[in-house]
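First residue of the sequence shown: 644, per my numbering; consecutive thereafter.
The beta carbon of each residue, even a glycine, is placed where N, CA and C say it ideally should be.
One structure is given below, encoded as structure tokens.
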Amino acid sequence: MRNIQTDQVVQVVRDLAMLAATDLGSDVLDALEQAKAAETSVTGIDILGRLIDNARIAYREKIPMCQDTGMAVVFIEMGQEVHIEGGSLKEAINEGVRRGYTDGYLRKSICDPITRENTGDNTPAVIHVEVVEGERFKITLVMKGFGSENMSRVTMLPPSAGIQGVRDFIVQLVSEAGPNPCPPTIVGVGVGGTMEMAALMAKKALLRPLGTTHPDPKIGLLEDEWLERINRLGIGPQGLGGRVTSLAVHINTMPTHIASIPVAVNIQCHASRHKSAEL
Ligand code: SF4
Numbered sequence: 644m645r646n647i648q649t650d651q652v653v654q655v656v657r658d659l660a661m662l663a664a665t666d667l668g669s670d671v672l673d674a675l676e677q678a679k680a681a682e683t684s685v686t687g688i689d690i691l692g693r694l695i696d697n698a699r700i701a702y703r704e705k706i707p708m709c710q711d712t713g714m715a716v717v718f719i720e721m722g723q724e725v726h727i728e729g730g731s732l733k734e735a736i737n738e739g740v741r742r743g744y745t746d747g748y749l750r751k752s753i754c755d756p757i758t759r760e761n762t763g764d765n766t767p768a769v770i771h772v773e774v775v776e777g778e779r780f781k782i783t784l785v786m787k788g789f790g791s792e793n794m795s796r797v798t799m800l801p802p803s804a805g806i807q808g809v810r811d812f813i814v815q816l817v818s819e820a821g822p823n824p825c826p827p828t829i830v831g832v833g834v835g836g837t838m839e840m841a842a843l844m845a846k847k848a849l850l851r852p853l854g855t856t857h858p859d860p861k862i863g864l865l866e867d868e869w870l871e872r873i874n875r876l877g878i879g880p881q882g883l884g885g886r887v888t889s890l891a892v893h894i895n896t897m898p899t900h901i902a903s904i905p906v907a908v909n910i911q912c913h914a915s916r917h918k919s920a921e922l
């Protein structure tokens, strides 16, 4: 049995929040550079250059790369041999978010859904805990902006829709989203399971590093084909026209019921901010 103190969790979550806001991953920066090289629209090339400059300035000056510092979504992979000491894990995560958003001068965007009153400290976080084997304890913090979250959807397609129906739903959704999710985007897709599992798979798909290929070649082919279709829409960087509307389509799947095809699309803007640490 391995003991982990809640104080450690608080500190790590705080640091991850501050890092995520200012340090765009190298995979995203590389993808933006490649997009700039592939873009044909003069305006699109200019915008992509500015996004890259913005990310570099944010890293250098330690200031958030976007004013919307999002809702904190925290994924925990917790070994079944791990014991949390010193209080509630949930409270420790929320305290880490509270400190990270305060110490990092990050915008507090979370409010009561009915009264719209701001909670004042960007809590609560959305927390997902997955129990795994062994003594592992991994924390991933996603800083999810809502320009792109608002453009996300879940649907339950009939089996007769087939994989073409799934593709059409996704491409249509990206088309209707237009400039709203601050393209170029990353399109996370979950297919299968139940309604809520499809949504969770779509969000987790956004964590896969850009530039990696899906381990299942037939899913990898779908990712390439659907990205190609999306990039034929002409929405372009920031919706001002061009070739690059999305940087990648990432798909997660799991078996589902014979009566349905649950499909979820979670759209992520170019400010794809997530950081992980292992304790
Ligand atoms: S969608 Fe992304 S880039 Fe656009 S405002 Fe929101 S967090 Fe910022």
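- With a threshold of 16 other beta carbon atoms within 10 Å, N895 meets it and is buried.
- About 6 Å separates the CB atoms of A891 and L870; that is less than 8 Å, so the two are in contact.
- Here E724 is not near I695, since their CB atoms are 8 Å or more apart.
- For the pair V656 and Y744, the Cα-to-Cα distance works out to about 10 Å.
- Under the criterion of beta carbons closer than 8 Å, A660 and G747 qualify as touching, at roughly 6 Å.
- Excluding its 5 nearest sequence neighbours in each direction, T899 has C-beta neighbours in its own chain below 7 Å: G835, G836, P905, listed in chain order.
- In the structure shown, the three-state DSSP call for A681 is helix.
- Distance between V652 and I736, taken at the CA atoms: about 7 Å.
- Shortest gap from the CB of S791 to any heavy atom of ligand 1: under 7 Å.
- In this structure E728 is in contact with Q648, their Cβ atoms being roughly 5 Å apart against a cut-off of 8 Å.
- Look at Q911 here: in three-state DSSP terms it is strand.
- Contact between the region 873-893 and the region 765-783 is absent: fewer than 3 CB-CB pairs across the two stretches fall below 8 Å.
- For the pair K781 and G713, the CB atoms are not nearer than the 8 Å cut-off.
- Taking C-alpha positions only, L662 is separated from V817 by approximately 29 Å.
- Taking C-beta atoms as the reference points, T758 and I706 fail to come closer than 8 Å.
- Here N761 carries a strand assignment [DSSP, helix/strand/coil].
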